[in-house]
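J.:
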Amino acid sequence: MDVKRIVLTLSLAASSLGVAATSQAAAPSLAERCPSGLFQVIAGQLAEFDVGSSTYLPMGADQSNYNAMGLNPADGFLYAIRGDTLLRIDDNGTVVTLGTVDIVPGSYTGDFGDDGRLHVSRGGNDWYAIDVTTLEATRLSGFSQNYGVADIANVSGTFYGVSGGGTLWSFDVTTETATNLGAVAGISGANKAFGAAWTTAGANLYVGRNSGQIYQITGFSTGNPVATQIATSPSTNSNDGASCPYAPPPPGLPDVDGPIPEVAPSTEDGLAAAAEYELTFEAPQFAAPDAGLGEGAACAATISEDQRPRDAVATTQVTTRTVLVDDTFDGDVAGWNVMAGSWLVENGSYRQLNDCEYDLMSVLTTHVVDHFDLEVTFSSPTVPNHGGVVFNVSSTDSRSGAIVVDLADDGETLRWGRYDELGYYQNIGWDFIPAPAAGQPVTLKIESRGDQYTIIYQGNTVVTETTENPGGMVGLISTLSQVDFHDVELAAVPS
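Numbering (mature numbering (1 follows the signal peptide of the UniProt record, and there is no 0)), first residue to last: -25 to -1, 1 to 470.
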């Protein structure tokens, strides 16, 4: 798993298309010549996809149709093919005819390669690499068939495209080989063209289906590609996409696997853009309001925490691993103390019923531990599942210093954080996970060894962190969701 951590959020400059250097001015920076956006030409109308409104915003006047479009990171202009003519397009949609190129007319897939040339083809067949300065076109004869892709995007030196049947293809222009990477999971239906493909900093691959779905493709380097629909757009017919591979995703466009590139960037600009994107990546916006402590039921107001400091703790010490609690909640909840929420035992589970408050906790008061294994299995009768665990709890009336590990962001994120000296949640890090279905049990395990703890989710180690406040009680937590806790095992281990 790629683990994400909270970092300082900075602003990244964006620019319009076509920022070329002059002899009197310094060469434009990467940000100036690499605008962020998903650009698309739709039957001759240049447009930019607006994430917030799920619409295309026209850029300039409608033109005669062109295709095989790519954004040149060297100068920030779009280049495209109309028949056998090379075009240059700026952010006003103004088309400049550069001249005729020696290619088979009718290219409709295109993007710039790491070699600085515009690579165009007809579905993978009749592939040419065009120098947009000299207009020299070089045929790549190794690509000799139509692979069914309607557009391609260059991700770290390799071109990718999805066929109408949902197969992901990769194209290596160095060896001139095409590779069938298999059917893309998460795409339903068949024989619907993916007329647009885009890439962004962080080696993200996005594709747009003509029927109006925009997907992010992950796992494209593993042979097990997965599509996640991240936006909806108007349906289109004749269209083509382009983007700058060194710009971050446009504001509001999800990045489902975070800023860490799936494949290493292949150019210096790519490395710089990936590093900048990782620094400026905005974490998922977890709900932060403080619910307070108390017996709040059915979303009623709860009692505010008195915000007093963490208590000192004396911990249980053992010489061999000792199971302290193996609770399957058969009706006895002795030792569990409700700090917030509406908790009851029902059908062999310890259920928290309140689904519209935050930080709803029940703490096991019978043991205080700093070297321990805590394993909890839980599910939600509905979605989302926002259950989790707390540990290093020093008091039943203060959260200060405790660690919380729980599901968030509609169950698609596993996050971990701490309550500060005033009892307010401070996020430490997160990882993206498949959201559990309604009723689907998941298992979360904490292995704590003094000031160090390891988080294990569904049997996979996620991260190891350190804490300044080791030791305390353990507990269960939910936020904005009903959660059934089926089994809790707490074992003390030797220090």
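Think of the CB as a built atom: it goes at the ideal place given N, C-alpha and C, for glycine as much as any other residue.
#1: Counting only runs that start and end within the segment 211 to 248, where is the beta strand (DSSP E) found for 3 or more residues in a row?
#2: Evaluate the contact criterion for the segment 422 to 440 versus the segment 325 to 332: three or more CB pairs, one atom per stretch, below 8 Å.
#3: Taking all protein chains shown into account, do 16 or more other C-beta atoms lie within 10 angstroms of the C-beta of Arg374, making it buried, or fewer, making it exposed?
#4: Helix, strand or coil for Ala49? Go by DSSP, reduced to three states.
#5: Beta strand (DSSP E) containing His346: first to last residue?
#6: Can Ala206 and Val26 be called in contact, C-beta distance under 8 Å?
#7: Given Gly132, which residues of its chain have a CB within under 6 Å of its CB, disregarding the five upstream and five downstream residues?
#8: Of all the options Gly117, Leu110, Ala153, His94, which has the alpha carbon lying nearest to the alpha carbon of Gly123?
#9: Of all the options Thr109, Val95, Leu110, which has the alpha carbon lying nearest to the alpha carbon of Tyr103?
#10: Measuring CA to CA, which of Ile378, Val79, Asn312 is closest to His342?
#11: Could you pull out every residue in the same chain whose Cβ sits closer than 6 Å to the Cβ of Arg57, ignoring the five residues on either side in sequence?
#12: For the segment 22 to 49, which segments carrying the beta strand (DSSP E) assignment without a break, of at least 3 residues, lie completely within its bounds, in sequence order?
#13: Is it true that the CB of His361 sits closer than 8 Å to the CB of Leu339?
#14: Between Ile235 and Val364, how many whole angstroms is the CB-CB distance? I'm expecting something under 8 Å.
#15: How would you write the range of the beta strand (DSSP E) that Asn402 sits in, first residue to last?
#16: Classify Tyr432 as helix, strand or coil using the three-state DSSP reduction.
#17: For Ser145, which beta-bridge partners are listed by DSSP?
#18: On the CB-based measure, 16 or more other CB atoms within 10 Å of its CB, does Pro469 come out buried or exposed?
#19: Leaving out five residues on either side along the sequence, give the residues of the same chain with a beta carbon under 6 Å from the beta carbon of Asp305.
#20: Based on Cα-Cα distance, which residue from Glu321, Glu387, Asp77 lies nearest to Pro229?
#21: Smallest Cα separation from Ser28: which of Ser208, Val137, Ser82, Gly81?
#22: Would you list the one or two residues that DSSP bridges to Ala206?
#23: Using the C-alpha atoms, what's the distance from Ile192 back to Ala160?
#24: What residues in its chain sit with their C-beta under 7 Å from that of Met314, if we drop five residues either side in the sequence?
#25: Return yes when the Cβ of Gln401 is within less than 8 Å of the Cβ of Thr418, no when it is not.
#26: Indicate the three-state DSSP secondary structure (helix, strand or coil) for Leu110 in the structure shown.
#27: Spell out the partners DSSP gives Glu321 in its beta bridges.
#28: Can you name, in chain order, every residue of its own chain whose Cβ lies under 6 Å from the Cβ of Leu299, other than the five neighbours on each side?
#29: Can you check whether the CB of Gly404 is closer than 8 Å to the CB of Trp391?
#30: DSSP puts Tyr103 in a beta bridge; with which residues?
#31: Compute the distance between the beta-carbons of Tyr83 and Arg63, then report whether it is under 8 Å.
#32: Starting from Met448, trace the beta strand (DSSP E) both ways and give me its first and last residue.
#33: Answer yes or no: do Leu46 and Met34 have a C-beta to C-beta separation smaller than 8 Å?
#34: Measuring straight from C-alpha to C-alpha, what distance separates Val458 and Asp348?
#35: Is there a C-beta anywhere in chain D that falls below 8 Å from the one on Thr439?
#36: Relative to the C-alpha of Glu23, which candidate in Gly81, Pro224, Ile162 has its C-alpha closest?
T.: So, from the data block:
#1: 214 to 217
#2: Touching, no.
#3: Numbered from its first residue, the sequence shown carries residue 374 at position 399. Arg374 should be labelled buried.
#4: Counting from one through the sequence shown, the residue named residue 49 turns up at place 74. Assignment of Ala49 by DSSP, reduced to helix, strand and coil, places it in the coil class.
#5: As a first step, residue 346 must be located in the sequence shown, where it is residue number 371. Segment 346 to 354, the beta strand (DSSP E) holding His346.
#6: Your numbering for residue 206 matches position 231 in the sequence shown. Your numbering for residue 26 matches position 51 in the sequence shown. Taking 8 Å as the Cβ cut-off, Ala206 and Val26 qualify as a contacting pair.
#7: Within the sequence shown, residue 132 is the residue found at index 157, counting from 1. Once the five neighbours on either side are set aside, the close Cβ partners of Gly132 are Asp89, Ser241.
#8: Translated into the one-based positions of the sequence shown, residue 123 becomes position 148. It is Ala153.
#9: Mapped onto the sequence shown, residue 103 falls at position 128. Cα-wise, what sits closest to Tyr103 is Val95.
#10: Along the sequence shown, one-based indexing puts residue 342 at 367. Taking only the C-alpha atoms, the option nearest His342 is Asn312.
#11: Residue numbering aside, residue 57 sits at position 82 when the sequence shown is read from its first letter. Hits under 6 Å: Tyr41.
#12: 30 to 33, 42 to 46
#13: On the sequence shown, residue 339 is found 364 positions in, with the first residue counted as 1. On the sequence shown, residue 361 is found 386 positions in, with the first residue counted as 1. The answer is no: Cβ separation not under 8 Å.
#14: Here residue 235 is taken as the residue at index 260 of the sequence shown, counted from 1. Here residue 364 is taken as the residue at index 389 of the sequence shown, counted from 1. So it is not a contact: roughly 26 Å between Cβ atoms.
#15: As a position in the sequence shown, residue 402 is number 427, starting the count at 1. Counting along the chain, Asn402 sits inside the beta strand (DSSP E) bounded by residues 400 to 407.
#16: Position 457 of the sequence shown, counted from the start, is the residue given in the question as residue 432. It is a strand residue.
#17: Here the question's residue 145 lines up with position 170 in the sequence shown. Answer is Tyr135, Thr154.
#18: If you number the sequence shown from 1, residue 469 lands on position 494. Exposed, because fewer than 16 other Cβ atoms sit within 10 Å of the Cβ of Pro469.
#19: Numbered from its first residue, the sequence shown carries residue 305 at position 330. Shown here for Asp305: not one same chain residue has a beta carbon closer than 6 Å to its own, the five before and five after excluded.
#20: The residue given as residue 229 occupies position 254 in the sequence shown. Among Glu321, Glu387, Asp77, the Cα nearest to that of Pro229 is on Glu387.
#21: Mapped onto the sequence shown, residue 28 falls at position 53. Closest by alpha carbon: Ser208.
#22: On the sequence shown, residue 206 is found 231 positions in, with the first residue counted as 1. The partner list for Ala206 (beta bridge, DSSP) reads Ile189.
#23: In the sequence shown, residue 160 corresponds to position 185, counting from 1. In the sequence shown, residue 192 corresponds to position 217, counting from 1. Computed Cα separation, rounded: 9 Å.
#24: In the sequence shown, the residue the question calls residue 314 occupies position 339. Closer than 7 Å at Cβ, skipping near neighbours: Leu268, Met336, Ser337, Val338, Thr371.
#25: As a working mapping, residue 418 is identified with position 443 in the sequence shown. As a working mapping, residue 401 is identified with position 426 in the sequence shown. No, the pair does not count as a contact, with Cβ atoms beyond the cut-off.
#26: As a working note, residue 110 is residue 135 in the sequence shown. If DSSP states are grouped into helix, strand and coil, Leu110 belongs with coil.
#27: Counting from one through the sequence shown, the residue named residue 321 turns up at place 346. Per DSSP, Ser324.
#28: Position 324 of the sequence shown, counted from the first residue, corresponds to residue 299. Contacts found: His342, Leu465, Ala467.
#29: By 1-based counting over the sequence shown, the position of residue 391 is 416. By 1-based counting over the sequence shown, the position of residue 404 is 429. Cβ atoms of Trp391 and Gly404: closer than 8 Å.
#30: Reading the sequence shown from its first residue, position 128 is the one you call residue 103. Val95, Arg114, per the DSSP bridge assignment.
#31: On the sequence shown, residue 83 is found 108 positions in, with the first residue counted as 1. On the sequence shown, residue 63 is found 88 positions in, with the first residue counted as 1. No, they are not a contact pair.
#32: Sequence index remark: in the sequence shown, residue 448 carries index 473 (1-based). Met448 -> beta strand (DSSP E) spans 447 to 453.
#33: Walking along the sequence shown from the start, residue 46 turns up at place 71. Walking along the sequence shown from the start, residue 34 turns up at place 59. Not closer than 8 Å, so no.
#34: As a first step, residue 458 must be located in the sequence shown, where it is residue number 483. As a first step, residue 348 must be located in the sequence shown, where it is residue number 373. Their Cα atoms are separated by approximately 21 Å.
#35: In the displayed structure, chain D is absent; only one protein chain is listed.
#36: Counting from 1 along the sequence shown, the entry for residue 23 is found at position 48. Answer by Cα proximity: Pro224.
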